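Chemist: What follows is a single structure, and I will ask about it in a moment.
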Amino acid sequence: MRIGVYPGTFDPITLGHMDIIRRGAKLVDRLVIGVTTNITKSPLFDDDERIEMVRREVASIGGDIRVVGFNSLLMDFAEREGAGVIVRGLRAVADFEYEYQMAGMNQQLNDRIETIFLMADVGLQPIASRLVKEIAIFGGEIRKFVTPAVRDAVVARIAERGLRQGDG
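Here is the structure:
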């Protein structure tokens, strides 16, 4: 069985992530979506909320897709899941430079696991979770970047935390 891992913080999951998940799931027998915490980021949603959000969003895709949380080195997680492939999405040249370096480091840690890169759909390339949150915090509309359920969750969380900016 070919198992792939698609790791990320998914805070929140965007249409760009969904595109990579749909396409990545076609390349492997099982796609494991690894939801992790990036210590350099301040998440809007906690780990359990993000895992549940991703599960809800991918439920309609079909195929063998698992969503699990992890808090370890990616290559250790991939090994535990039995993965032979790491799936990564690329939006721009800057993404490639970072991802290329990470792939090289990961190969040094475990050369039995390959990294494959999927170019984001051209219409989804500018989408980044960080920018989606920033737009929402400043009262902008994020419908073009996330599903309605994710939009509602983001807007509600921003209101709940009193994060809304730009009202004058």
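Residue numbers (full-length UniProt numbering): 1 to 168.
Note that CB positions come from ideal geometry on N, CA and C, so glycine has one too.
Since we're looking at a predicted model, the values are computed, not measured.
Would Arg164 and Phe138 qualify as a contact pair, given that the criterion is a beta-carbon distance under 9 Å?
Modeler: In this structure, Phe138 lies closer than 9 Å to Arg164 by Cβ.
Chemist: Measure the CB-CB distance between Thr14 and Phe70 and report whether it falls below 9 Å.
Modeler: Taking 9 Å as the Cβ cut-off, Thr14 and Phe70 do not qualify as a contacting pair.
Chemist: Just to confirm my understanding: we take Asp11, look at its own chain, exclude 5 residues before and 5 after, and list those with CB closer than 8 Å. What are they?
Modeler: So the qualifying residues of the chain are Lys41, Pro43, Leu44, Phe45, Arg50, Ser129, Lys133.
Chemist: Considering Cα atoms alone, identify which of Leu73, Glu79, Met18 is closest to Arg2.
Modeler: Nearest option by C-alpha distance: Glu79.
Chemist: What are the start and end residues of the alpha helix (DSSP H) that includes Met75?
Modeler: Met75 -> alpha helix (DSSP H) spans 74-81.
Chemist: Which of the three DSSP states is assigned to Ile51 in this structure?
Modeler: Three-state result, Ile51: helix.
Chemist: Provide the residue span of the alpha helix (DSSP H) that contains Asp111, from first to last.
Modeler: No alpha helix (DSSP H) holds Asp111; DSSP gives it neither H nor E.
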